[in-house]
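Step one of this worksheet: look at the structure below.
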Amino acid sequence: MLRKPRKDFRRSGDPVAPPAPIPVSTPAPTPASAPVSQPEPESVPGPSRLQSSKNIVAAARKPVSDYAACSGNVTDIYEFKELLVNGSFGTIYVAKHGWMEVAIKSGPRPASDSYIVVPDHPEPLYREVAMMVKLCRSPVCPNVIQMYEWFDGGDTLSMVMEYPQPCMSLKEFIDIENGLTANITRLIMGQLVNAVQHCISRKVFHNDINLRNILVNIDLIPKIKLMDFSSARLVDEDGYDSRTYDGDFHFQPPEAFGDGKYYPVPTNVWFLGIILATMLTGHLPFRLVKDIFIRPIRRLGSIVGRCEDLITKCLERNPEDRLTLEEIIQHRWMNLRHPWMFRRF
Numbered sequence: 001m002l003r004k005p006r007k008d009f010r011r012s013g014d015p016v017a018p019p020a021p022i023p024v025s026t027p028a029p030t031p032a033s034a035p036v037s038q039p040e041p042e043s044v045p046g047p048s049r050l051q052s053s054k055n056i057v058a059a060a061r062k063p064v065s066d067y068a069a070c071s072g073n074v075t076d077i078y079e080f081k082e083l084l085v086n087g088s089f090g091t092i093y094v095a096k097h098g099w100m101e102v103a104i105k106s107g108p109r110p111a112s113d114s115y116i117v118v119p120d121h122p123e124p125l126y127r128e129v130a131m132m133v134k135l136c137r138s139p140v141c142p143n144v145i146q147m148y149e150w151f152d153g154g155d156t157l158s159m160v161m162e163y164p165q166p167c168m169s170l171k172e173f174i175d176i177e178n179g180l181t182a183n184i185t186r187l188i189m190g191q192l193v194n195a196v197q198h199c200i201s202r203k204v205f206h207n208d209i210n211l212r213n214i215l216v217n218i219d220l221i222p223k224i225k226l227m228d229f230s231s232a233r234l235v236d237e238d239g240y241d242s243r244t245y246d247g248d249f250h251f252q253p254p255e256a257f258g259d260g261k262y263y264p265v266p267t268n269v270w271f272l273g274i275i276l277a278t279m280l281t282g283h284l285p286f287r288l289v290k291d292i293f294i295r296p297i298r299r300l301g302s303i304v305g306r307c308e309d310l311i312t313k314c315l316e317r318n319p320e321d322r323l324t325l326e327e328i329i330q331h332r333w334m335n336l337r338h339p340w341m342f343r344r345f
């Protein structure tokens, strides 16, 4: 959802005025229904598909389950509180509906090449919205950010997203800790693989997994959420033209340079290898683009050999030689866990 903000989902302090409402000719709809995997909570009056519960901590959330946009003005339903990010893609605000805080991404209608044709929808749909709907259909993944609803305001699109708190980007988390312990790294790595597997199962290729696009919910046991699907594409086993790669160059796999092709699963594995090495060492394994091609991965200091083996196999320069997602989970280093780490998040 975000495009590499410096401080992901960090409060800016003072409240700000919301974007100006967009006139529409149709009245706000009645509440739409969507399946949930938890008991039905008490509803909040109003047209939003969000719901409330007397027990806020255990409240169920309703991700969007169809491609239809909500009619009306987003500003009539949500109270805009704070500006999180203001970038070339638009703005992201903290907003409230009843007791629930959400993040709302609003921006001008994207160019025509940002739209794709999807089944069961009469016209091309904004790519990021389409990807989020595919990812948010039941059963949802706890490690992928959820979209609750979206608004088509003519010249402006707004996406209402989950806003986990307290949280920070994985980059901030690593910087604060100056590298993570092996146990915390295993835990986060397992959740990341779970998120990527969910995306692939829904035919979504994120295309830009990096430290700023991963939220860490700071708790006794950290929980992560993969976000920012603005660069995402439908999975294509025939690959993508390397000249169209637009992700973070620090995470760019070797095959995405030049005139060749890059492929969804091997690229995801490369992303995960870079992130794994960075979590353990506190720094990126490759600082310059040329290092990817001419310098072997620097020794990983005090990291045990079995983890270095996992990192090396994720960062094979030939994509055909890299591990699969299943092989990452089955790797012996990933299974050196304490009993409390077997809990599924």
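Mapped onto the UniProt record's numbering, the consecutive letters of the sequence shown carry residue numbers 1 to 345.
In this text, a Cβ means the ideal position worked out from N, Cα and C, and glycines have one as well.
Continuous beta strand (DSSP E) stretch holding residue i: start and end
i	result
Asn-194	It is not in any beta strand (DSSP E) - Asn-194 instead sits in the alpha helix (DSSP H) that spans 182-201.
Met-334	Neither: Met-334 is in no beta strand (DSSP E) and is coded neither H nor E.
Cys-141	No beta strand (DSSP E) contains Cys-141, which DSSP labels as neither H nor E.
Asn-178	Here Asn-178 belongs to no beta strand (DSSP E), and DSSP marks it neither H nor E.
Phe-151	147-152
Val-94	90-97
residue 357	In this structure the chain extends from 1 to 345, so residue 357 is not present and cannot be described.
Pro-108	100-108
Glu-162	156-162
Cβ pair residue i, residue j closer than 8 Å
i	j	result
Arg-127	Ile-145	no
Ile-174	Thr-278	yes
Phe-151	Val-74	yes
Arg-306	Lys-313	no
Leu-226	Leu-276	no
Leu-325	Val-196	yes
Tyr-93	Glu-82	yes
Leu-170	Leu-135	no
Leu-187	Leu-280	no
Rounded straight-line distance, which links the Cα of residue j to that of residue i
i	j	result
Asn-86	Ala-111	19 Å
Ser-106	Leu-157	6 Å
Pro-253	Ile-209	12 Å
Arg-202	Pro-139	11 Å
Ile-221	Tyr-148	25 Å
Trp-333	Leu-272	15 Å
Pro-164	Asn-217	7 Å
Gly-153	Ser-71	8 Å
Val-118	Met-131	10 Å
Phe-251	Ile-274	7 Å
Tyr-263	Val-269	10 Å
Phe-89	Val-204	21 Å
Arg-317	Asp-248	18 Å
Ser-242	Val-133	27 Å
Arg-137	Ile-294	43 Å
Leu-84	Ile-104	9 Å
Ile-328	Ile-77	44 Å
Val-289	Glu-255	12 Å
Glu-237	Glu-79	43 Å
Glu-320	His-97	48 Å
Ser-231	His-331	30 Å
Arg-200	Tyr-245	The amino acid at residue 200 is misidentified as Arg; the sequence shows Ile. Looking at the two C-alpha atoms, the distance is approximately 18 Å.
Phe-286	Leu-315	11 Å
His-206	Ile-297	25 Å
For residue i, the nearest candidate out of the options (CA to CA)
i	options	result
Met-159	Leu-288, Phe-229, Arg-317	Phe-229
Asp-120	Ala-68, Glu-79, Pro-166	Ala-68
Gln-191	Ile-184, Ile-224, Met-161	Ile-224
Asn-178	Gly-282, Lys-290, Ile-294	Gly-282
Pro-122	Asp-66, Pro-142, Ile-311	Asp-66
Val-129	Ser-114, Ile-77, His-331, Arg-295	Ser-114
Asp-155	Pro-124, Pro-108, Val-133, Arg-186	Pro-108
Leu-234	Thr-91, Leu-125, Asp-76, Lys-96	Leu-125
Asp-219	Met-189, Lys-261, His-206, Ile-184	Ile-184
Asn-335	Cys-167, Ala-182, Glu-172, Asn-143	Ala-182
Asp-259	Leu-315, Gly-239, Glu-308	Gly-239
Pro-142	Asn-194, Trp-99, Ile-176	Asn-194
Range covered by the alpha helix (DSSP H) that runs through residue i
i	result
Phe-257	Premise fails: Phe-257 is in no alpha helix (DSSP H) and is neither H nor E.
Phe-293	289-294
Thr-75	74-77
Under the three-state DSSP convention, the category residue i falls into
i	result
Asn-217	strand
Asp-228	coil
Gln-51	Residue placement at Gln-51 cannot be trusted, given a pLDDT of 37 that sits under 50; the coordinates are not used to answer.
Gly-273	helix
Pro-119	coil
Asp-321	helix
Glu-316	coil
Val-265	helix
Thr-308	Note that residue 308 is Glu in the sequence shown, not Thr. It is helical.
Glu-237	coil
Phe-251	helix
Tyr-204	The sequence shown places Val at residue 204, not Tyr. Strand at Val-204.
Leu-280	helix
Val-85	strand
is_contact[residue i, chain B] using C-beta, thresh 8 Å
i	result
Arg-202	Here there is only one protein chain, and chain B is not present.
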